[in-house]
Amino acid sequence: MISNPEGFWFFLLLVPVGLTAWRKYSAGFKDLKKIGGKWREEPLHTVFLVKWFFSTLTIFIFVVFCVLAISDFSWGHVAVKDERRGLDIAILLDVSRSMLSRDTDPTRLEKSFEIIRGAIDIYPESRYSLVLFKGEAYTFVPTTEDSLYIKDVLASISPGILTAPGTDIEAGLKTALASFPEGVESSKVILLLSDGEKLTGDTDDAVKRVAAAGVPVIAVGFGDPDGTLIELPNGSVVKTAGGENVISRLNEEELKGIAEFTRGTYIHADSPFLMKEIEKELLRMGREKTETDFQFEIRNRYRLFLAIALISLCFHLGIRILRWKRVF
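1317 is the number of the first residue of the sequence shown in this note's numbering; add one for each residue after it.
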């Protein structure tokens, strides 16, 4: 493959080089006759002709291979280690009303926002998507490199942003998986932020799909396994149709199962080392990708042509400088 065929125009330099070499030959031969006289004309001419021929040949080779180097020839392939350190991270956020519970300070949802901002600070060069789920799932922000935009939109998120009641983790996982751009070879991870309560959907089927795609899930669990009331912003609590208080409980078993099956990890939101653990997992997943991922690149050959050109130039200088048969 030739990346710069316009470089072939430099072959026109061979014309003035050839004309200059011929003029030097003619002038040099005339000078030899004057200096050596007729009795030494033949041996001097023989040495001069051979020396002129190889000197001209080496300068021609130098020009030709310099032009080939400029034209940027490449062929063959070489395996190159992919040193990318970024991740494609799908943030899967539970926005059901249970995330308004205050058993995590200040609320489960507000704590989620803090974690998202912290995760972005760990990997600001990564691409992010933001998927919200409740009784349905919706890609709120498609995959983007603008991590600051993800931070900005968090202020506009509340349980009222989706109307479907309930909590469908299956829909969330499938939507998060679909949010990754197609045809892009990169490390992928889902950051799931939820209390794990599952009211609808078949989580097992979604988890199998995520695991088959090789996407690990970092699951962050919110709340108390013993349960707490769901307090709304107006101070009231969520009640059942029969007027009884709704108790929201952390379902750690559900979240741990998702994380383990996808070769991810589970972390409780109240862990004192929460962000350290998330950072460790994201870095680990990034390293696993870069240590085993290789890509094939076309090998550029300009160095080969330059090496031949330089060797030819050295021979040219040697021919011009060294004396032949003690004559010149």
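For every residue, glycine included, the Cβ atom is placed at its ideal position computed from N, Cα and C.
Of the listed residues the options, nearest to residue i (C-alpha basis)
i	options	result
G1573	V1533, V1469, G1551 and S1414	V1533
G1622	R1339, S1319, T1362 and L1384	One detail in the question is off: residue 1622 reads as Leu in this sequence, not Gly. Residue L1384 is the option with its Cα nearest to L1622.
E1593	V1363, G1434 and F1389	G1434
T1516	A1625, S1412 and T1455	S1412
E1513	E1498, F1496, T1544 and G1499	T1544
C1630	L1373, Y1444, F1326 and T1479	L1373
T1581	I1466, R1615 and A1527	A1527
P1440	S1463, G1451 and L1365	S1463
G1476	I1436, S1414 and E1486	S1414
L1598	S1442, A1337, H1361 and F1376	S1442
E1576	K1524, G1344 and F1378	K1524
C1382	H1361, K1340 and S1628	S1628
I1485	K1467, A1535, G1530 and L1590	A1535
F1449	D1520, T1479, D1468 and W1338	T1479
P1481	G1499, Y1465 and G1451	G1451
E1505	G1499, R1579, L1470 and T1556	The sequence given here places Val at residue 1505; Glu does not occur at that position. Selected option, being the one with the closest Cα: R1579.
H1632	V1366, K1427 and L1590	V1366
D1419	W1338, I1546, V1379 and L1507	I1546
DSSP state of residue i mapped onto helix, strand, coil
i	result
F1538	coil
T1454	The question names Thr, but residue 1454 in the sequence shown is Tyr. Reduced to three states, the DSSP call for Y1454 is strand.
I1563	strand
K1504	strand
S1587	coil
S1371	helix
T1336	helix
S1319	coil
K1555	strand
E1498	coil
L1509	strand
T1581	strand
T1362	helix
T1544	strand
R1636	helix
T1608	Low confidence applies to T1608: its pLDDT is 47, below 50, so where it sits in the model is not reliable, and the reading given next is rough at best. T1608 falls in the helix class under three-state DSSP.
F1631	helix
R1615	strand
V1533	strand
T1516	coil
Beta-carbon separation (whole angstroms), residue i vs residue j, contact threshold 8 Å
i	j	result
R1424	D1511	6 Å
I1473	Y1444	With a Cβ gap of about 14 Å, I1473 and Y1444 do not count as contacting.
F1496	D1404	6 Å
N1616	D1388	7 Å
L1416	L1571	Not quite, the Cβ-Cβ distance comes to about 19 Å (not below 8 Å), so this is no contact.
I1386	F1326	6 Å
L1470	I1432	6 Å
Fully enclosed by the region 1455-1489, which alpha helix (DSSP H) runs are 4 residues long or longer?
-> 1463-1469
Count the CB pairs spanning the region 1576-1593 and the region 1548-1564 that are closer than 8 Å, and state whether there are at least three.
-> no
Let me know the alpha helix (DSSP H) ranges lying completely inside the region 1380-1450, each 4 residues or longer, listed in chain order.
-> 1424-1438
Count the CB pairs spanning the region 1486-1505 and the region 1442-1462 that are closer than 8 Å, and state whether there are at least three.
-> yes
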